[in-house]
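Protein sequences, first through last, are from chains A and B.
Start counting at 1 in the first sequence, then tack on 203, and there's your number in the numbering used here.
Start counting at 1 in the second sequence, then tack on 64, and there's your number in the numbering used here.
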Amino acid sequence: MSAHYQAVNWNRQKYIYDGLLAGGVLGYLALFLGTSFLLYPSITAETALIRGLGTAALVLLTLILCIGPLCRIDRRFLPLLYNRRHLGVTMFLLALSHAVFSIIQFHALGDMNPLVSALTGTWRVPPVDRFPFELLGFAALLILFLMAATSHDYWLATLTPPVWKSLHMMVYVAYGLIVLHVGLGALQAERQTGLTLLVGGGLIVVLGLHLVAGWRERAGDGPAAGAVLDGFVEVCRVDDIRENRARIALIGGERVAVFRYEGKLSCVSNVCAHQNGPLGEGKIVDGCITCPWHGYQYLPDRGSSPPPFTERIPTFDVRVRDGRVFVNPRPHPPGTRVEPALIHRVMP
Amino acid sequence: MNRRLRHRHRWMVLSLALVLPAAFSWTLASRRLDPGTGQLPAVLADPPAGHGQVLAVREFLLGSVIVNSRLMADSASRQMTLEITPRTDPREPDPLLYWSPEAPEAESGSGVPPDAVLLGSLRGTRTRSFPLPKDAATRDGSLLLYSLGHQSVLGAATLPTQSLLAQGAAARP
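Have a look at this one:
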């Protein structure tokens, strides 16, 4: 696979993923509307739809934020990560629909511009129960729009992965704004135990998973404490690395991944050129290092994608001494071939 | 992610973990909820019970709700009281009960007439008593069930208060 720009490649996995996503969203909305009309016969269809769309977006955003740490904690969740951007775009569309229907329902019947009414209607009154929660939702929607609009690989390649990743980290700001939007909006007016549990419980789960995953990641950012040999830093023992897998170490301020395959060792940057995914958590498939996030591949001794693809990552010199693995902290330019270190030297 | 992005990510999550639960708890703690009629003390939720002679006991349809009623009158003050018990919850947004001096045919489906008098809420199935306006003793009128949420009259029924009061007076020795 390649990060080179091209139109969306649909495959069977994406069809299944998106089919489940569409079915899940429609099923949730049907269940929400049915339950609402059953429990509250006097509720209007517009109000039920506004609430259904809003809670669907919130549930989806909570799920999206859980996927990252879940994948760090247990690799079995990695398939959820594969098409996460489609979840994000769907969530944005749900949030946008919620906003549009809300503005029509609550702000379109006066003599003021509906958008102006929505953004200034409660601004003059400062107490908590009159806080202009619409502004918080609007700000969150703007962030989600920027993320959805730049979600395609074209923007990933154009902006470069670090900038793109920084932009998409704004999802945490959007999440905070949405939690406060609900807390200062819907939850101020009504005693909705279900909504309180949805927001509060989601908050606990999202933050809890991130803190657990972050705690487990913390050790990975400590400097390699091994011996130094001719400028090479010891990172682990050969036996610590399973066949076709990698050992991740912090060398020269960045993480590298030392892969073991076919009796050899090769070291590359741990950062995938696509979305900066953790290559060292992937494995070697068909002779190529394969990123666990989206399946982008690199030849282990060259740090370049197999032809005709053009992605490249830095490579590092590796040595094996007495069953210990040493890596030179100085990286080679991306795509530079480096002779792999042999685990067992051939006896003459 | 590279180390710089990982650090940024870590700080964002830590900041969120410190600020957001506290802010969300604050929004919940600072709620000033409007009490519903079901949460009011009985003395505030229901007007005082009527007393006096029972003029009529009736069961009639008000919109889609069957209600039981007792019409009472105090012989000294001529104050009339309507005791009413819906058999089922009207299940309409903000159901309000009005007394109107108009005939019910003129009311159904339209808005509340300007001379109608609000008696109170008819949510739920509790029995409650509504003092009727003084005019009810001198003329027949009607009851209106109005949904504030839908802004429409859901149903109306005649309330021949003056006729019943006259019959009650005639029946007294």
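Where a beta carbon is used, it is the ideal one built from N, C-alpha and C, also for glycine.
Quick caveat, the model's predicted, so the values are computed rather than measured.
Subject >> Residue of A:Thr-238, A:Arg-254, A:Arg-527 and A:Phe-304 minimising C-alpha distance to Arg-440 of chain A >> reply: A:Arg-527
Original post:
In whole angstroms, what separates the C-alpha of Leu-412 of chain A from that of Arg-192 of chain B?
Top reply: 53 Å
Original post:
Between the Cα of Leu-126 of chain B and the Cα atoms of B:Gly-213, B:Leu-208 and B:Ala-230, which residue gives the shortest distance?
Top reply: With distances taken between Cα atoms, Leu-126 of chain B lies closest to B:Leu-208.
Original post:
Pro-503 of chain A and Ser-469 of chain A: beta carbons closer than 8 Å?
Top reply: yes
Original post:
With contact counted as at least three CB pairs below 8 Å, one residue from each stretch, are the stretch 450-467 of chain A and the stretch 534-550 of chain A in contact?
Top reply: yes
**OP:** Report all residues from its chain with a CB closer than 6 Å to the CB of Leu-340 of chain A; omit the five preceding and five following residues, and keep chain order.
**Re:** According to the sequence shown, residue 340 of chain A is Gly rather than Leu. Same-chain partners within the cutoff: His-384.
Original post:
Are there three or more Cβ pairs, one per stretch, closer than 8 Å when the stretch 194-210 of chain B is compared with the stretch 222-236 of chain A?
Top reply: no
**OP:** Specify, as a first and last residue, the run of the beta strand (DSSP E) that Phe-435 of chain A falls within.
**Re:** 435-440
Original post:
Closest Cβ-Cβ distance between Gly-379 of chain A and chain B: below 8 Å?
Top reply: yes
Original post:
What three-state label does DSSP hand Ile-407 of chain A in the structure shown?
Top reply: If DSSP states are grouped into helix, strand and coil, Ile-407 of chain A belongs with the helices.
Original post:
Among the residues of its own chain, which have a CB less than 7 Å from the CB of Ile-253 of chain A, if the five just before and after it don't count?
Top reply: His-301, Phe-304, Ser-305 and Gln-308
Subject >> Chain-ordered chain B contacts of Gly-386 of chain A [CB-CB under 7 Å] >> reply: Phe-88, Thr-91 and Leu-92
Subject >> Min CB distance Val-459 of chain A to chain B below 8 Å >> reply: no
Original post:
Relative to the C-alpha of Val-217 of chain B, which residue among B:Thr-225, B:Trp-163, B:Ser-227 and B:Leu-229 is closest?
Top reply: B:Trp-163
**OP:** On a CA-only basis, which of B:Val-131, B:Pro-159 and B:Arg-122 is nearest Leu-186 of chain B? Give me that one, please.
**Re:** B:Pro-159
**OP:** Answer with buried or exposed for Pro-272 of chain A, where buried requires no fewer than 16 other C-beta atoms within 10 angstroms of its C-beta.
**Re:** buried
Original post:
Can you give the Cα-Cα distance for Leu-223 of chain B and Ser-133 of chain B, rounded to whole angstroms?
Top reply: When rounded, the distance between both Cα atoms is 11 Å.
Original post:
Going by C-alpha distance, which of B:Trp-90, B:Val-121 and B:His-71 is nearest Thr-225 of chain B?
Top reply: B:Val-121
Subject >> Run of the beta strand (DSSP E) containing Tyr-464 of chain A, from where it starts to where it stops >> reply: 457-464
Original post:
Which residues mark the beginning and the end of the beta strand (DSSP E) in which Lys-467 of chain A is found?
Top reply: If you look at Lys-467 of chain A, you'll find it in the beta strand (DSSP E) that goes 467-472.
Original post:
Interface residues of chain A around Leu-229 of chain B at Cβ under 8 Å?
Top reply: Here the premise fails: no neighbours, minimum Cβ distance about 36 Å.
**OP:** Report the three-state DSSP secondary structure of Leu-207 of chain B (helix, strand or coil).
**Re:** strand
Original post:
If contact means a Cβ-Cβ distance below 9 Å, which residues of the stretch 71-85 of chain B contact chain A?
Top reply: His-71, Arg-72, His-73, Arg-74, Met-76, Val-77, Leu-78, Ser-79, Leu-80, Ala-81, Val-83, Leu-84 and Pro-85
Original post:
Quick one: is Pro-244 of chain A buried, meaning 16 or more other Cβ sit within 10 Å of its Cβ, or exposed?
Top reply: exposed
Original post:
Since Leu-264 of chain A meets chain B, which of its residues come closer than 8 Å, beta carbon to beta carbon?
Top reply: Result: empty, since nearest Cβ-Cβ is about 13 Å, beyond 8 Å.
**OP:** For Pro-150 of chain B, go through chain A and note every residue whose CB falls closer than 7 Å to its CB, in chain order.
**Re:** Chain A residues near Pro-150 of chain B: none, gap ~15 Å exceeds 7 Å.
Subject >> Contact list for Pro-157 of chain B against chain A, beta-carbon separation under 7 Å >> reply: From the beta-carbon of Pro-157 of chain B, the residues of chain A found nearer than 7 Å are Ser-245.
Original post:
Do Thr-265 of chain A and Val-474 of chain A have their C-beta atoms closer together than 8 Å?
Top reply: no
Original post:
Taking all protein chains shown into account, do 16 or more other C-beta atoms lie within 10 angstroms of the C-beta of His-73 of chain B, making it buried, or fewer, making it exposed?
Top reply: buried
Original post:
Lys-467 of chain A to Arg-448 of chain A, Cα distance in whole Å?
Top reply: 12 Å
**OP:** Determine the chain E residues that contact Gly-213 of chain B at a beta-carbon separation under 9 Å, and present them in chain order.
**Re:** Looking for chain E here will not work: the only protein chains present are A and B.
Subject >> Selection from A:Phe-435, A:Phe-512, A:Ile-487 and A:Val-228 that minimises the alpha carbon distance to Leu-445 of chain A >> reply: Here the sequence assigns Arg to residue 445 of chain A, which means Leu is not the residue at that position. It is A:Ile-487 whose Cα lies nearest to the Cα of Arg-445 of chain A.
Subject >> Interface residues of chain A facing Leu-69 of chain B [CB-CB closer than 8 Å] >> reply: Pro-365, Lys-368, Ser-369, Met-372 and Asn-479
Original post:
Along chain B, in chain order, which residues have C-beta atoms closer than 9 Å to that of Leu-229 of chain A?
Top reply: None at all; the shortest Cβ gap to chain B is about 28 Å.
**OP:** Verify the CB distance criterion: does Arg-187 of chain B have a CB-CB separation below 8 Å to chain A?
**Re:** no
Subject >> Local conformation of Pro-481 of chain A per DSSP, three classes >> reply: DSSP places Pro-481 of chain A in strand when its eight states are reduced to three.
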